[in-house]
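Data first, discussion second: the structure below is written as C-alpha cells.
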Amino acid sequence: MNSHDVAQDPRLRAIVQAQPHPLLFATVSGAHLYGFPSPDSDFDLRGVHVLPPELVVGLDEGPATIEVAERRPDLELDLVTHDAKKFFGLLLRRNGYVLEQLYSPLVISTTAEHGELKAIARTCITRHHVHHYRGFAGTQWDLFCKEQPRRVKPLLYVYRVLLTGIHLMRTGEIEANLVHLNEEFRLPYVPELVARKLEGPEKATLAEQDWGRHESEYNRLVGVLDEASVASTLAEEPSAHRALHDLLVRVRLR
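Right, dumping it as C-alpha cells:
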C-alpha cells in the first residue's frame, strides 16, 4: 500500500471519525511514515483531540490521552490522541515525536487549525531537539545490539532517527521518511535494508557478518549529528508560547 492509499484508507478514516471528541488532526506515524512498512506492519495513528470546556474547568476532567487498539483479521491499528493542551505543551519541549506527528504527510483528518498549528510549531523547533534524536537513536541501538539474532527493524529505526536529527539540525525541517532522507545522505546500505523490511516480516533478521560495518556507521553518524548540532543556527528556546495559548483558547471555546 503506497502513501496515498494509506491516507485514503476508509478503515482508518472510519475509526478516526468515530472518536468521542473533535480532532484537530489525525496522521499516520510509525513504519508507514518512515518509509519501510512490512507487509504485516500495523498502523500507528496519532492526533490531537479537543476536550469541551466542561471537561476542563469542572470537577470531572476529560482524558488528556485517548488510546484505541483495533485487532481484527483485516486490520491492526493503534490510535493515540492527546488533548490540545497536552500536545501544545509537548511542542514546547524537546519532543521530536509530536513534531513528526504534526508534520506527517499521511493525513487522515485535518482542519484549518491543523494548518495554523503547523505554522506556529516552526517556532518551537530548537537546537536542543538534538537530545531527543540522539537519545532515541541510542535506545534503538541498544535494543538492536541486545537481540539475537539481530533484527533489521531496530537498525532501520537507528538510521532513520539519526538522519532525521541531522537533517533537522541543518535545515530546521522535519523529514521522517528514511527513503527521502537517503536521497540526501546516499548511504549505500539503506536501500537494501529498506527492501528487506518492505518485502519481509516484521522480525526479519540481519546477517551477523554485517554487525561491524553497522557499528562503525552508527558511531560515525552520532558524530555527524553532534557536529550538526554545534553548527546549527536554530533557536535556543521556543518562542511559540503566546501563539499556542491563543490557539488553545480559540479551539476550546469554538
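To get my numbering, take the position in the sequence shown, counting from 1, and add 23. Glycine included, each C-beta is placed from N, C-alpha and C at the ideal position.
- Taking 8 Å as the cut-off, the beta carbon of residue 76 is found closer than this to the beta carbon of residue 276.
- Classified as exposed, residue 169 has fewer than 16 neighbouring CB atoms from the shown chains inside 10 Å of its CB.
- Within the region 235-271, not a single complete alpha helix (DSSP H) segment reaches 4 residues in length.
- As the crow flies, the alpha-carbon of residue 175 is around 10 Å from that of residue 181.
- Residue state for residue 100 is assigned as strand, using DSSP reduced to three classes.
- As summarised for the region 77-127, the continuous beta strand (DSSP E) elements at least 3 residues long and confined to that stretch are 88-95, 98-106, given in chain order.
- In this structure, the CA atom of residue 108 is about 11 Å from the CA atom of residue 86.
- Non-local C-beta neighbours of residue 41 in its own chain, meaning closer than 8 Å and more than five positions away in sequence, are absent.
- Collapsing the DSSP output to three states places residue 228 in a strand.
- With a 10 Å radius around the Cβ and a threshold of 16 neighbouring Cβ atoms, residue 83 comes out exposed.
- Annotation for residue 44: 72, 73, 74 place their beta carbon closer than 7 Å to its own, counting only its chain and skipping 5 residues before and after.
- In the three-state DSSP reduction, residue 129 falls in the coil class, being neither helix nor strand.
- Contact between the region 201-214 and the region 86-97 is absent: fewer than three C-beta pairs spanning the two stretches fall below 8 Å.
- With contacts defined as CB atoms closer than 8 Å, residue 142 and residue 122 fail to qualify as a contacting pair.
- About 14 Å separates the Cβ atoms of residue 245 and residue 183, ruling out a contact at the 8 Å cut-off.
- In terms of Cα proximity to residue 209, the closest of 223, 133, 186 is 186.
- For residue 187, the enclosing alpha helix (DSSP H) starts and ends at 175-194.
- Proximity to residue 101 across 69, 192, 61, 134 peaks at 69, based on C-alpha coordinates.
- Residue 271 places its beta carbon less than 8 Å from that of residue 111.
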